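Chemist: Per this note's numbering, residue 1375 is the first one in the sequence shown, and the count goes up by one each step.
C-beta: ideal position from N, C-alpha, C; glycine also.
Computed from a predicted structure; not experimentally measured.
Okay, handing you the structure first.
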Amino acid sequence: MGSKSQGLLITFEGGEGAGKSTQIQLLAEGLQAHGHEVVLTRQPGGTTYGKRIRDLILEPAQEETLSSRAELFLYLADRAHHVEYLVRPALSAGKIVICDRYTDSTLAYQGYGRGLDLDQLHMLNAAATDHLVPDLTFWLDLDPRLGRERIAGRGTLDRLESEDLSFHEAVRAGYAALAAQDPERWIQVDARQSVAAIQDFALQRALFFLN
Ligand code: TMP
């Protein structure tokens, strides 16, 4: 992967309330205005099966607590289907795929957040995606306290959003560690900046990568 004639995979990562959805939409529009064909998608939930898996994972906790391993395999099932059914075909057709969350969410949330073994997660991510690695990853970084304030008005929190602050702080520390390990791929963005400032920055970086 990475050959420009074979499309480009851009992922967005970050904690809750960091503004990913807004920025993804704006980046897609910006790239389209520059003549690129863009496919916008997400994990979990980018396919019909994925939507059902997403509902299952995110519905607020019931009488049983979902085991961390079961949670992991649900994300992986979504990912395996999504990559095979949607992402790879779009890349093969030369399109830019922008994906809201990908393998790094599993490392950050199930690894750093839940404490599952990172080596094992790397292996399982590789198996689920058949080794498809993003070309570029934007990490919208925000203090989880601020993220929580931002999402407070959205209504009922989902199962992951309802995790306590220490979980979300561990996730953030996880992203920081992952970004430090692969600075070529990761672009850290301070999510406290204005929407327009982030939008301009992300578009410039993506266009720079494409040239
Ligand atoms: P979001 O798409 O609204 O951000 O919600 C997805 C939630 O699922 C979010 O809390 C992050 C979490 N998640 C994981 O824990 N592991 C994963 O592999 C993925 C893709 C998401």
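Taking 8 Å as the cut-off, decide whether the C-beta atoms of L1514 and K1394 are in contact.
Modeler: yes
Chemist: Could you check what DSSP says for V1457 in three-state terms: helix, strand or coil?
Modeler: helix
Chemist: Whose CA, out of V1412, S1442 and G1521, lies closest to the CA of G1485?
Modeler: It is S1442.
Chemist: Could you give the C-beta distance for G1391 and I1525, rounded to a whole number, given that I count them as a contact under 8 Å?
Modeler: 4 Å
Chemist: For L1383, does the three-state DSSP call read helix, strand or coil?
Modeler: Secondary structure of L1383 (DSSP, three-state): strand.
Chemist: Tell me whether H1456 is buried or exposed, calling it buried when 16 or more other Cβ atoms sit within 10 Å of its Cβ.
Modeler: Label assigned to H1456: buried.
Chemist: Would you call the CB atoms of Y1459 and T1503 closer than 8 Å?
Modeler: no
Chemist: Could you spell out where the alpha helix (DSSP H) holding T1503 opens and where it closes?
Modeler: Per DSSP, the unbroken alpha helix (DSSP H) holding T1503 starts and ends at L1492 to T1503.
Chemist: Quick check: what's the CA-CA separation for E1535 versus D1478?
Modeler: 17 Å
Chemist: Nearest to R1519 by CA position, among H1496, R1566, E1411 and E1558, is which residue?
Modeler: R1566
Chemist: Could you give the uninterrupted runs of the beta strand (DSSP E) lying entirely in the stretch 1391-1475, keeping only those of 3 residues or more?
Modeler: 1412-1416 and 1470-1474
Chemist: Comparing alpha-carbon positions, which option in T1415, G1468, L1490 and A1402 lies nearest A1444?
Modeler: L1490
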